[in-house]
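Colleague: Residue numbers (my numbering): 2 to 343. The C-beta atom is built at its ideal place from N, Cα and C for all residues, glycine as well. If you're wondering where the values come from, they're calculated on a predicted model, not measured in any experiment. So that we are looking at the same thing, I have put the structure below in C-alpha cells.
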C-alpha cells in the first residue's frame with residue numbers, strides 16, 4: 002500500500018505545484034523557470050508604467066525610484082537604467098524608450114503565459130502517468146486471484162512499473178518545458194531576452210546621439226556580460242560578417258544568432274547612405290519578435306505528437322508488463338503451479 006499512497010501524495014503535490022498561482026504553494030511554483038520569468042516581467046512592467054505616468058504628469062522620478070529600477074534583475078536593471086541615464090544626459094526624451102521597453106516586457110510576458118497555458122495538456126499527461134500504474138496495480142490486486150500469494154513479486158512488478166511511469170512523466174515535463182521556449186536548450190533560453198534587450202539598447206543609444214558604430218561597441222559590451230555565446234557568433238566588429246553555416250540549425254536559435262548579421266547590414270547601409278538607421282533596426286527587431294512567437298507556436302502545435310514517444314516507450318510497457326505479470330501469477334495459482342515458483 003505504501004506505493005499507492007506515495008503515488009497519490011505525488012499527484013496532489015504536483016497539482017498544487019502546477020495549478021495554483023497563489024497561496025502557500027506560490028513560492029514552489031515560482032521556482033520553475035517560466036514562472037519566475039513571468040514574475041520578473043510583471044515587476045518590470047509595473048515600474049516602467051509607473052515611471053511613464055510620472056513623466057507624463059510633468060514630474061521627475063525621485064532617487065529611490067531610479068534605485069528601484071537599477072536593482073531589477075539582469076538584464077533589465079542595468080539596461081533600462083543606463084539607457085535612460087544616457088538619454089537624460091543628452092537631453093533626449095525618455096518616453097519613446099520607456100514605451101519600447103515596456104512593450105518588449107509586455108510582449109515577452111504574454112508569450113510566456115500563452116506557452117504555459119498551451120502546454121498544460123502535456124503536464125496533465127505527466128501527472129496521470131505518475132499514478133496510473135499504482136492504480137492499475139491496486140485494481141488488479143483486488144480482482145485477480147493468486148496475487149496475494151506472491152506479494153513480493155507483485156510489489157516488485159508495481160515498483161518497476163511505477164519507475165517507468167515516473168520516468169515518462171519527467172520526460173513529458175521536459176518536452177513541454179522545451180516547447181514553451183521554442184525548442185531552445187536550457188543554456189540558450191537566456192538568449193531571447195538578452196538579444197531583444199541588446200536591440201533596444203542600440204536604439205536607445207542612437208536616440209541619445211551616439212553614432213551607430215560606437216553604439217554597436219556598447220551593445221557588444223552588453224552581450225559580453227549577458228550572452229557571450231551570442232556575441233561570439235555575432236562578432237564584435239561592425240564590418241565583420243560571420244558565415245551563417247556556423248550557426249545552430251534550430252529555428253529560434255537560428256533567428257537569434259542571425260539578428261547580429263541583419264543589424265550589421267542595416268547599419269552598414271545607413272552609414273554608407275548617410276541616413277539614420279533607426280527605422281531599419283526597428284523593423285528588424287519587430288521581425289525577430291514575430292519569429293520568436295511563431296517558433297514557440299510551432300513547437301506547441303507539434304507538442305501533442307511528441308508526447309506520444311514517452312507514452313509508448315515507458316507507460317505502455319509498464320501497463321502491459323503489469324497486466325502480463327498479474328495474468329501469469331493468476332495462471333500459476335489456478336493451475337496449482339504457483340507454490341515455489343517465486
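May I ask which residues mark the beginning and end of the alpha helix (DSSP H) holding residue 172?
Modeller: Start and end: 152-181.
Colleague: Go ahead and pull the three-state DSSP assignment for residue 207.
Modeller: DSSP places residue 207 in helix when its eight states are reduced to three.
Colleague: Between the C-alpha atoms of residue 322 and residue 304, what's the straight-line distance to the nearest angstrom?
Modeller: Each residue's Cα considered, the two are about 27 Å apart.
Colleague: Between the alpha carbons of residue 64 and residue 187, how many angstroms are there, rounded?
Modeller: The alpha-carbon atoms of residue 64 and residue 187 are separated by roughly 37 Å.
Colleague: Report yes if the CB atom of residue 105 is closer than 7 Å to the CB atom of residue 39, and no otherwise.
Modeller: For residue 105 and residue 39, no; Cβs fall outside 7 Å.
Colleague: Going by beta-carbon coordinates alone, are residue 205 and residue 315 separated by less than 7 Å?
Modeller: No, they are not a contact pair.
Colleague: Alpha carbon to alpha carbon, how far is residue 214 from residue 125?
Modeller: Taking the straight line joining both Cα atoms gives about 50 Å.
Colleague: For residue 228, count neighbouring Cβ atoms within 10 angstroms of its own Cβ and tell me buried if that reaches 16, exposed if not.
Modeller: Classification for residue 228: buried.
Colleague: Would you kindly work out how many angstroms separate the C-alpha atoms of residue 211 and residue 196, rounded to a whole number?
Modeller: Straight-line Cα distance between these residues: approximately 20 Å.
Colleague: Work out the CA separation of residue 185 and residue 179 for me, nearest whole Å.
Modeller: Roughly 6 Å between the two C-alpha positions.
Colleague: Report the three-state DSSP secondary structure of residue 65 (helix, strand or coil).
Modeller: In the structure shown, residue 65 sits in a helix (DSSP, three-state: H, G or I).
Colleague: Cβ atoms of residue 102 and residue 81: under 7 Å apart, would you say?
Modeller: Yes.
Colleague: Using the C-alpha atoms, what's the distance from residue 223 back to residue 1?
Modeller: The structure shown does not extend to residue 1, since the chain is modelled only from 2 to 343, so the question has no answer here.
Colleague: Once DSSP output is grouped into helix, strand and coil, what is the label at residue 239?
Modeller: In the structure shown, residue 239 sits in coil (DSSP, three-state: anything other than H, G, I, E or B).
Colleague: Measuring only the C-alpha atoms, how far is residue 189 from residue 109?
Modeller: The straight-line gap from Cα to Cα measures roughly 16 Å.
Colleague: Tell me the residue span of the alpha helix (DSSP H) that contains residue 257.
Modeller: Note, residue 257: alpha helix (DSSP H), 252-274.
Colleague: Mind checking residue 153: buried by the 16 CB within 10 Å criterion, or exposed?
Modeller: Residue 153 should be labelled exposed.
Colleague: Note down, one range per segment and in chain order, each alpha helix (DSSP H) of at least 4 residues found wholly within the segment 78-119.
Modeller: The qualifying runs are 96-119.
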